[in-house]
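For reference, the structure is listed below as C-alpha cells.
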Amino acid sequence: MSQVTLFREPLLASNNFLQTEFWAYFKENFGWQAHTFRLNIEGADPTFILVLTRSLAPTLTLAYVPHPNLNHLDPQAIPSILKQTAKLMKRHIPDLFLVRWDLNLPRTQGAITHFRSYLKDLPSLSIQPADTTILNLQPDLETILEKMHKKTRYNIRLAEKKGVKIVQAPIHDVVKWYDLYKETAKRDGITIHSLAYYQKFFQVSHQHHYYPKAQLLLAYHDDDLLAGIILLFTDTHATYVYGASSNHKRNLMPSYALQWQAIQLAKEKGCTAYDFFGLPPEPNPDHPMFGLYQFKVGFGGDIHHYMSIWDAPTSCLRYRLYRLAEALRALRKHRHKKHLKR
C-alpha cells in the first residue's frame with residue numbers, strides 16, 4: 436500500500452478546468468468552500484487537488500472532488516490512495532463525513548471490481564459527465580473535417596450556404612443566450628441554473644489573470660438568434676460547456692455551424708483537444724438523448740467512458756443516513772417527473 440500525506444497548498448496550473456483556481460472562485464459564489472491540497476504519494480510525483488465542501492448541517496460537511504488529476508498514478512494503487520486521502524482530509528476539514536470523488540479515469544469492468552474493494556460506487560449518480568467525446572485538434576482543419584461523419588459535414592456546409600453567421604459575443608450577451616437556454620431546458624426537460632450563475636461564470640473567468648477563459652459564440656440568421664454555446668479555453672484544451680438552441684429555424688443547422696466555428700477557434704488558440712463534455716453512455720435509439728449522441732459523435736472525436744462517482748465515507752452512520760436522504764429525494768423527483776408527463 437502506497438503511503439500518502441496531505442498538505443494545504445495552492446493549485447498548480449491545469450488544463451483540466453475543474454481543477455483550477457477559476458473553478459474554485461466560481462463555486463465559492465454558490466455555497467461551496469474551496470480547499471486546495473498537495474497530495475504526496477510514495478513513489479509518485481505530487482498531486483494537487485481542488486476539494487469543494489458544503490456544510491449540510493452544523494456537524495455535517497460533504498466534500499466533492501471533481502475530476503482530480505490522477506492519470507499519472509498506478510491504476511492499481513488509486514482506490515487505496517483515495518480512501519487514505521479521505522481519512523487525511525478529515526484532519527483538515529471539520530465535521531467531514533464523506534468525500535465524493537468524481538473520477539475521469541477510464542471505466543472498465545476490471546477497474547470497477549477493483550475499486551469496490553475500497554470505495555462505494557454510485558452508478559446511478561452523475562455530476563460531471565460520465566461519458567464524453569474528445570476531438571484531436573492536432574491534424575489540420577481539412578483532415579479534421581474529412582474525419583467527420585458525412586452528414587455532419589453536409590450540415591456544416593448547409594448552415595453556411597443558408598447564411599448562418601457565427602459571432603464571438605460580448606459577455607453581456609449572455610442574457611440573450613439565457614433566453615435560448617430556458618427554451619432548450621423546456622424542450623429537453625432539463626434543469627438549469629439562474630441567469631446569475633452564468634453571468635458569474637463569465638465574470639470570474641475574465642476578472643482574473645488565470646486560465647481558463649470563457650467565450651460565448653452565437654449563431655444568427657438575418658436578425659434571428661438561433662443558437663449559442665459557452666466554451667472554456669486553457670493552454671491546450673477547449674471545452675464545450677453549455678449549449679442552447681431555439682425551436683425556430685432548426686432546419687438551418689446552426690448548432691453544426693457553431694461547433695465548427697468553435698473547433699476553428701480552438702485551433703487558432705493553440706488547443707490540441709476539444710472536449711464535447713457530455714454524451715449518453717451508449718448509441719441507444721431509445722435513449723431520450725440519442726439525437727445528442729449522434730450530433731456529438733458525428734464530429735469524429737474519440738469516445739471516453741469515466742469511472743465517475745465513488746464515495747469514501749469518513750463516518751459510516753452519518754453516511755448511511757445521508758444516502759437514505761438522497762434516495763428519498765431521488766424518489767420524489769422521479770414521481771414528480773411521472774406526474775408531469777400525465
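777 is the number that this note's numbering gives the last residue of the sequence shown; the numbers go up by one with no jumps.
In this text, a Cβ means the ideal position worked out from N, Cα and C, and glycines have one as well.
Keep in mind the model is a prediction, meaning the values are calculated, not measured.
Same chain, Cβ closer than 6 Å to residue i, neighbours up to 5 away in sequence not counted
i, result
"D556", "W745"
"A760", "none"
"T440", "N475"
"P716", "D566"
"F442", "R473"
"K525", "L531 and T749"
"E444", "R473"
"S449", "T455"
"S690", "A662 and S680"
"Q519", "V439"
"H774", "Its pLDDT being 37, under 50, H774 is placed unreliably by the model, and nothing is read from it."
"A479", "L508"
"L752", "none"
"T482", "L474"
"V486", "H470, A498 and V500"
Sub-8 Å separation of residue i and residue j beta-carbons
i, j, result
"F472", "I484", "yes"
"A697", "A654", "no"
"L531", "T496", "yes"
"V534", "A521", "yes"
"H740", "D566", "yes"
"L508", "I476", "yes"
"F637", "V610", "no"
"P564", "F712", "yes"
"L395", "L517", "The requested residue 395 does not occur in the structure, where the chain is confined to residues 436 to 777."
"M742", "R542", "yes"
"F668", "K635", "no"
"G663", "L700", "no"
"S437", "A512", "yes"
"I591", "W695", "yes"
"Y589", "Y613", "no"
"H641", "I606", "yes"
For residue i: DSSP bridge partner residues
i, result
"H740", "D566"
"L766", "According to DSSP, which records beta bridges pairwise, L766 is partnered with nothing at all."
"F532", "None, per the DSSP bridge assignment."
"S490", "T496"
"Y675", "L666"
"S680", "A662"
"T471", "L485"
"W745", "W536 and D556"
"T520", "Per DSSP, none; premise fails for T520."
"K635", "According to DSSP, K635 bridges with nothing at all."
"H656", "D659"
"Q650", "L666"
"F442", "R473"
"N571", "A708"
Expected contact under 8 Å - CB spacing of residue i and residue j to nearest Å
i, j, result
"S680", "L651", "Going by Cβ atoms, the distance from S680 to L651 rounds to 14 Å, so no, they are not a contact pair."
"P501", "L453", "4 Å"
"A604", "L687", "In fact, because the Cβ distance is near 18 Å, the residues do not count as touching under 8 Å."
"S552", "P514", "7 Å"
"W467", "A747", "The Cβ separation is near 18 Å, so there is no contact."
"H656", "G598", "6 Å"
"L540", "N504", "Their Cβ separation, rounded to whole angstroms, is 10 Å, which puts L540 and N504 out of contact at 8 Å."
"L714", "K731", "6 Å"
Beta-carbon proximity list for residue i, same chain, < 7 Å, skipping 5 on both sides
i, result
"I528", "H470, T488, T496 and A498"
"Q544", "none"
"L727", "P715"
"T587", "Y691, G733 and F734"
"S490", "T496"
"T494", "D530"
Cβ neighbours of residue i in the same chain (closer than 8 Å, five flanking residues each side left out)
i, result
"T626", "A620"
"K582", "P574 and G735"
"Y754", "F532, L533, D746 and P748"
"D659", "S681, H683 and K684"
message = Between the region 730-742 and the region 558-570, can you find at least three pairs of beta-carbon atoms closer than 8 Å?
response = yes
key: Stretch pair the region 666-673 + the region 704-711: three plus CB contacts closer than 8 Å   = yes
query = Just checking, does the region 633-649 make contact with the region 451-468 on the three C-beta pairs under 8 Å criterion?
reply = yes
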